[in-house]
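In UniProt numbering, the protein residues as written are 1 to 81.
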């Protein structure tokens with residue numbers, strides 16, 4: 001029996017996660033993340049994340065580490081004096 005290649009990570013802190021199956025037999029995943037109203041990602045994020053036959057999420061800096069989506073945070077306007 002073939003198990004599922006891709007375990008879907010938890011949604012980002014302060015945000016939402018939307019995923020769909022793709023690929024042969026729907027074994028692979030594609031996900032998008034968004035922040036709740038009033039929150040933003042503190043870093044640039046890709047348009048979508050994918051997980052394929054390798055069994056890890058992309059993009060990632062280290063596929064050997066558990067994958068965690070970036071968190072959402074309240075952004076404050078920078079005031080320069």
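All C-beta atoms, glycine included, are put in the ideal place defined by N, C-alpha and C.
Under the three-state DSSP convention, the category residue i falls into
i          : result
residue 25 : helix
residue 2  : Note that residue 2 scores 47 on pLDDT, short of 50, meaning its location in the model is unreliable; the coordinates nonetheless yield the value given after this. Reduced to three states, the DSSP call for residue 2 is coil.
residue 15 : strand
residue 58 : strand
residue 73 : strand
Segment limits, beta strand (DSSP E) that includes residue i
i          : result
residue 51 : 49-51
Nearest candidate by alpha-carbon position, reference residue i, set the options
i          : options       : result
residue 16 : 41, 58, 59    : 41
residue 47 : 59, 73, 75    : 59
residue 25 : 13, 39, 5, 71 : 5
Count the C-beta pairs between the segment 2-22 and the segment 53-70 that are closer than 8 Å, then say yes if the count reaches three, no if not.
yes
Three or more C-beta pairs under 8 Å: does that hold for the segment 16-34 against the segment 42-58?
With a cut-off of 8 Å on Cβ pairs, the segment 16-34 is in contact with the segment 42-58, counting three or more such pairs.
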